[in-house]
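**Student:** The sequence shown begins at 1 in full-length UniProt numbering and counts up by one.
Sending over a structure as structure tokens; questions will come in a sec.
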Amino acid sequence: MIKITLPDNSVKEFEGAVTPLDVAKSISEGLARNTISAIVNNKQVEITTPITTDSTVQLLTWNDDLGKKAFWHSSAHLLAQAIMEFYPNAKLTIGPAIESGFYYDVDFGDENLSEKDFEKIEKKVLENAKKASTFSLYPVSKEEALKTYADNPYKVELISNLNDGEITFVTHDNFTDLCRGGHIPNTGIVKAMKILNAAGAYWRGSEKNPQLTRVYGISFPKQKELTEYLERLEEAKRRDHRKLGKELGIFAFSEKVGAGLPLWLPKGTALRRKLENFLSVAQKKGGYEFVMSPHIGSKELYVTSGHWDKYGADSFQPIKTPNEGEEFMLKPMNCPHHCEIYKTSQWSYRDLPKRYAEFGTVYRYEQSGELHGLTRVRGFTQDDAHLFCTPDQLSEEFEKVIDLTLYVFKSLGFEDFVTQVSLRDPDNKEKYIGSDENWEKAESAIINAAQKKGLKTVVEYGEAAFYGPKLDFMVKDALGRKWQLGTIQVDYNLPERFDLHYIGSDNEKHRPVMIHRAPFGSMERFIAILLENTAGDFPLWLSPEQFIILPISEKYADYAKKVSQFLENHDISGQIDNRNEKAGKKIRDAELNKTPFMLVIGENEERDGTISVRRRGEGDLGVMKMEDFVNYFKKEAAI
Numbered sequence: 001m002i003k004i005t006l007p008d009n010s011v012k013e014f015e016g017a018v019t020p021l022d023v024a025k026s027i028s029e030g031l032a033r034n035t036i037s038a039i040v041n042n043k044q045v046e047i048t049t050p051i052t053t054d055s056t057v058q059l060l061t062w063n064d065d066l067g068k069k070a071f072w073h074s075s076a077h078l079l080a081q082a083i084m085e086f087y088p089n090a091k092l093t094i095g096p097a098i099e100s101g102f103y104y105d106v107d108f109g110d111e112n113l114s115e116k117d118f119e120k121i122e123k124k125v126l127e128n129a130k131k132a133s134t135f136s137l138y139p140v141s142k143e144e145a146l147k148t149y150a151d152n153p154y155k156v157e158l159i160s161n162l163n164d165g166e167i168t169f170v171t172h173d174n175f176t177d178l179c180r181g182g183h184i185p186n187t188g189i190v191k192a193m194k195i196l197n198a199a200g201a202y203w204r205g206s207e208k209n210p211q212l213t214r215v216y217g218i219s220f221p222k223q224k225e226l227t228e229y230l231e232r233l234e235e236a237k238r239r240d241h242r243k244l245g246k247e248l249g250i251f252a253f254s255e256k257v258g259a260g261l262p263l264w265l266p267k268g269t270a271l272r273r274k275l276e277n278f279l280s281v282a283q284k285k286g287g288y289e290f291v292m293s294p295h296i297g298s299k300e301l302y303v304t305s306g307h308w309d310k311y312g313a314d315s316f317q318p319i320k321t322p323n324e325g326e327e328f329m330l331k332p333m334n335c336p337h338h339c340e341i342y343k344t345s346q347w348s349y350r351d352l353p354k355r356y357a358e359f360g361t362v363y364r365y366e367q368s369g370e371l372h373g374l375t376r377v378r379g380f381t382q383d384d385a386h387l388f389c390t391p392d393q394l395s396e397e398f399e400k401v402i403d404l405t406l407y408v409f410k411s412l413g414f415e416d417f418v419t420q421v422s423l424r425d426p427d428n429k430e431k432y433i434g435s436d437e438n439w440e441k442a443e444s445a446i447i448n449a450a451q452k453k454g455l456k457t458v459v460e461y462g463e464a465a466f467y468g469p470k471l472d473f474m475v476k477d478a479l480g481r482k483w484q485l486g487t488i489q490v491d492y493n494l495p496e497r498f499d500l501h502y503i504g505s506d507n508e509k510h511r512p513v514m515i516h517r518a519p520f521g522s523m524e525r526f527i528a529i530l531l532e533n534t535a536g537d538f539p540l541w542l543s544p545e546q547f548i549i550l551p552i553s554e555k556y557a558d559y560a561k562k563v564s565q566f567l568e569n570h571d572i573s574g575q576i577d578n579r580n581e582k583a584g585k586k587i588r589d590a591e592l593n594k595t596p597f598m599l600v601i602g603e604n605e606e607r608d609g610t611i612s613v614r615r616r617g618e619g620d621l622g623v624m625k626m627e628d629f630v631n632y633f634k635k636e637a638a639i
């Protein structure tokens with residue numbers, strides 16, 4: 001008998017070999033019809049894969065993320081098949097599923113793929129899909145695989161890094177591809193498909209390698225779902241933070257300053273400062289102390305921390321002093337600096353925890369093709385903090401940081417997020433530093449704290465930082481894509497590498513535990529997602545310009561200044577529109593600029609010491625005394 005354990009820990013028994021499809025049929029015919037992929041013993045496989053020993057099985061439908069992964073990966077094969085029918089001399093490379101859809105990297109040689117070619121490829125994909133061809137995965141020897149792809153250097157390179165027994169091909173219809181597996185049962189499940197765009201991409205992400213064409217696509221089991229997705233895509237374009245950032249005067253980029261290095265304009269700077277002040281107040285209440293560290297550090301600092309060994313090749317290269325021969329680096333992380341701040345004093349267990357907070361700007365080299373507005377840049381500011389505590393304090397401190405992060409998210413309207421427990425890759429431990437014992441303690445601390453707080457979590461292996469596991473807060477943007485914003489990390493390793501200690505109650509030296517945390521994560525990325533989620537309609541308390549004063553003529557310029565100063569004295573920020581334009585146009589422009597309050601002033605307002613108030617989206621609120629408006633505003637803007 002073969003015992004199959006399902007996710008709810010129920011066990012089903014079968015005589016002889018069984019497939020995931022058989023397991024699904026044993027539950028219900030409806031489930032069997034909807035099952036498109038499966039996880040067997042933590043590996044994603046086809047639903048026809050034989051299971052010959054006791055195993056754990058998870059059945060996947062389109063509604064599961066990993067089900068979509070199999071669907072989109074299979075669709076990439078359909079895309080590649082269609083491309084080769086129109087471009088027989090093209091060379092295929094890789095075609096993975098991504099968070100929303102899939103892509104295939106193709107070397108088209110002397111031929112070009114343009115947008116006008118998309119429709120014919122889409123039609124061919126759906127024409128081939130209708131054949132309902134089965135995806136058949138089978139092993140191939142290394143010799144045979146190399147022979148098959150003798151004229152494709154990209155596939156040869158991939159195969160050369162594999163051993164006999166690790167190589168499989170997949171065939172559907174008349175098309176065969178090198179592939180590790182994880183496909184849907186047949187092509188007929190794909191009912192709708194769209195090529196989204198094509199862009200340049202270097203082979204294996206290196207600028208030293210040939211440039212390929214990356215063809216992005218998305219597919220669905222129903223046409224209706226594609227239509228809805230394309231509508232969301234159009235809405236996402238309207239909400240694109242790069243577009244809104246320019247229109248609202250939040251940030252800009254300059255070729256002369258450099259790619260991936262944003263310039264914050266006055267309104268954007270006001271927005272950032274309000275965010276920083278909001279978090280600073282919360283941190284002060286939480287017992288944090290504020291520190292500052294330089295933008296560069298000695299290379300040896302990052303050698304000690306391990307960052308140089310792990311990321312040195314992908315960082316900005318060291319800055320060498322002219323005469324002394326010293327080497328410095330643009331700061332890629334704040335944590336080594338904070339470790340050195342901790343070491344400036346001798347601490348007792350009574351002094352802990354120490355909580356150091358800094359809005360620290362760091363610099364990391366991102367390839368130009370990976371840069372994307374504010375979500376992926378080369379210079380960014382982290383709302384960073386590092387807590388040094390005793391092992392007994394770890395759980396309580398970690399839970400407090402969870403509370404702080406949830407407070408930040410709730411205050412800013414981030415409700416669509418998941419918490420991801422990011423652990424070591426158990427099969428590739430050389431990527432990480434530290435002992436198994438320390439890693440096990442750190443991972444247990446995160447899992448237990450998340451459970452205690454009632455967080456719904458997903459576990460991702462291989463996503464930990466090199467020095468410790470993480471609890472990552474993954475927020476969805478307007479298109480449903482997930483971005484890591486907040487993060488909390490447990491670290492037993494950097495305190496060892498920096499020889500940090502405190503004096504315990506036994507008068508002996510003990511090693512503190514370190515918590516890394518950043519509720520915003522990157523200020524740049526956080527503001528990008530905030531822009532898209534709000535479409536620029538920020539919460540009132542956060543709006544960079546909360547009012548604009550609209551004098552109906554230049555005669556009331558002095559009174560406008562008086563009103564502005566009064567409001568600024570009550571921490572309400574805004575501008576005066578002194579343009580020689582009609583009031584109606586000024587109001588329309590203020591609406592487009594998403595200014596919450598428009599304060600119209602004329603002869604009556606000046607005489608009576610009042611303001612005529614309009615609120616964006618609501619219209620005329622009537623005439624108010626300035627004091628009454630301040631009280632109304634404070635009530636509306638309360639967090």
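All C-beta atoms, glycine included, are put in the ideal place defined by N, C-alpha and C.
1. Based on Cα-Cα distance, which residue from 118, 101, 88 and 128 lies nearest to residue 110?
2. Is the segment 78-85 touching the segment 120-127 in the sense that three or more CB pairs, one from each, lie closer than 8 Å?
3. Can you give the Cα-Cα distance for residue 536 and residue 369, rounded to whole angstroms?
4. On the three-state DSSP scale, how would you describe residue 377?
5. Our contact map puts residue 60 next to residue 36 with C-beta atoms below 8 Å; I'd like the distance itself, whole angstroms only.
6. In the DSSP assignment, find the unbroken beta strand (DSSP E) run with residue 601 in it and report its ends.
7. Nearest CA to the CA of residue 404: which residue from 521, 325 and 602?
8. Which of the three DSSP states, helix, strand or coil, is assigned to residue 190?
9. Label residue 384 either buried or exposed according to how many other C-beta atoms from any shown protein chain fall within 10 Å of its C-beta, with 16 as the threshold for buried.
10. Quick check: the segment 218-237 against the segment 184-192, are there 3 or more CB pairs under 8 Å?
11. Apart from the five residues on each side of it in sequence, which residues of its chain come closer than 8 Å, Cβ to Cβ, to residue 274?
12. The alpha helix (DSSP H) that contains residue 444, what's its start and end?
13. Please say whether residue 398 and residue 365 have beta carbons closer to each other than 8 Å?
14. Have a look at 149, 599, 271 and 618 and flag the residue whose alpha-carbon is nearest the alpha-carbon of residue 612.
15. Along the chain, where does the alpha helix (DSSP H) that runs through residue 626 open and close?
16. Write down every uninterrupted run of the beta strand (DSSP E) in the segment 136-196 whose length is 3 residues or greater and which is fully enclosed by it, in chain order.
17. Take residue 357 and list the residues in its own chain whose beta-carbon comes closer than 6 Å to its own, dropping the five residues that flank it on each side.
18. Specify the secondary structure class of residue 427 as computed by DSSP and reduced to three states.
19. Which value, in whole angstroms, describes the spacing of the CA atoms of residue 68 and residue 96?
20. Measuring CA to CA, which of 144, 563, 555 and 452 is closest to residue 575?
21. Which whole-angstrom value describes the C-beta separation of residue 495 and residue 523, a residue pair presumed to lie in contact below a C-beta threshold of 8 Å?
22. At which residues does the beta strand (DSSP E) containing residue 4 begin and terminate?
23. Can you tell me whether residue 601 is buried or exposed, with buried defined as 16 or more other CB within 10 angstroms of its CB?
24. With distance defined between alpha-carbon atoms, name the residue in 136, 93, 25 and 127 nearest to residue 151.
25. Would you list the residues sitting across from residue 518 in a DSSP beta bridge?
26. Could you tell me which whole alpha helix (DSSP H) segments of length 4 or greater appear in the segment 204-276?
27. Could you tell me the alpha carbon to alpha carbon distance between residue 128 and residue 173, rounded to whole angstroms?
28. So what's residue 101 in DSSP terms, helix, strand or just coil?
29. Which whole-angstrom value describes the C-beta separation of residue 466 and residue 243, a residue pair presumed to lie in contact below a C-beta threshold of 8 Å?
30. With H, G and I counted as helix, E and B as strand and the rest as coil, what does DSSP make of residue 93?
**Tutor:** This is what the structure gives:
1. In the sequence shown, residue 110 corresponds to position 110, counting from 1. Nearest option by C-alpha distance: 88.
2. yes
3. Here residue 536 refers to the residue found at position 536 of the sequence shown. Here residue 369 refers to the residue found at position 369 of the sequence shown. C-alpha separation (whole angstroms): 27 Å.
4. As a working note, residue 377 is residue 377 in the sequence shown. Correct three-state label for residue 377: coil.
5. Here the question's residue 60 lines up with position 60 in the sequence shown. Here the question's residue 36 lines up with position 36 in the sequence shown. Correct: roughly 6 Å between the Cβ atoms.
6. As a first step, residue 601 must be located in the sequence shown, where it is residue number 601. From DSSP, the beta strand (DSSP E) with residue 601 extends over 597-601.
7. By 1-based counting over the sequence shown, the position of residue 404 is 404. Residue 404 has its Cα closest to that of 521, out of 521, 325 and 602.
8. Numbered from 1 along the sequence shown, position 190 holds the residue referred to as residue 190. Here residue 190 sits in coil by DSSP.
9. The residue labelled residue 384 in the question sits at position 384 within the sequence shown. Classification for residue 384: buried.
10. The segment 218-237 vs the segment 184-192: in contact.
11. Residue 274 sits at position 274 when you count from the first residue of the sequence shown. Closer than 8 Å at Cβ, skipping near neighbours: 541, 542 and 544.
12. Residue 444 sits at position 444 when you count from the first residue of the sequence shown. Segment 436-452, the alpha helix (DSSP H) holding residue 444.
13. Walking along the sequence shown from the start, residue 365 turns up at place 365. Walking along the sequence shown from the start, residue 398 turns up at place 398. Going by C-beta atoms, residue 365 is not nearer than 8 Å to residue 398.
14. Counting from one through the sequence shown, the residue named residue 612 turns up at place 612. Residue 599 is the option with its Cα nearest to residue 612.
15. Along the sequence shown, one-based indexing puts residue 626 at 626. Run containing residue 626: 626-637, per the alpha helix (DSSP H) assignment.
16. 136-139, 168-172 and 175-178
17. What you label residue 357 is simply residue 357 of the sequence shown in a count that begins at 1. The residues are 283, 288, 290 and 385.
18. As a first step, residue 427 is located in the sequence shown; it is residue number 427 there, counting from the start. Three-state DSSP puts residue 427 in coil, outside helix and strand.
19. Along the sequence shown, one-based indexing puts residue 68 at 68. Along the sequence shown, one-based indexing puts residue 96 at 96. Using only the alpha carbons, I get a separation of about 12 Å.
20. Against the sequence shown, residue 575 aligns to sequence position 575. Residue 563 is the option with its Cα nearest to residue 575.
21. Looking up residue 495 in the sequence shown gives position 495. Looking up residue 523 in the sequence shown gives position 523. The C-beta distance from residue 495 to residue 523 rounds to 27 Å, too long to fall under 8 Å, and the pair is not in contact.
22. As a first step, residue 4 is located in the sequence shown; it is residue number 4 there, counting from the start. It spans 2-5 - the beta strand (DSSP E) in which residue 4 sits, taken as one unbroken run.
23. The count along the sequence shown starts at 1 and reaches residue 601 at position 601. Buried.
24. As a working mapping, residue 151 is identified with position 151 in the sequence shown. Cα-wise, what sits closest to residue 151 is 93.
25. Counting from one through the sequence shown, the residue named residue 518 turns up at place 518. Paired residues: 487.
26. 223-239 and 241-247
27. Your numbering for residue 128 matches position 128 in the sequence shown. Your numbering for residue 173 matches position 173 in the sequence shown. Roughly 8 Å between the two C-alpha positions.
28. Locating residue 101 in the sequence shown gives position 101, where the first residue counts as 1. Strand, per DSSP.
29. Residue numbering aside, residue 466 sits at position 466 when the sequence shown is read from its first letter. Residue numbering aside, residue 243 sits at position 243 when the sequence shown is read from its first letter. With a beta-carbon spacing of about 36 Å, residue 466 and residue 243 fall beyond the 8 Å limit used to define contacts.
30. The residue you call residue 93 lines up with position 93 of the sequence shown. Correct three-state label for residue 93: coil.
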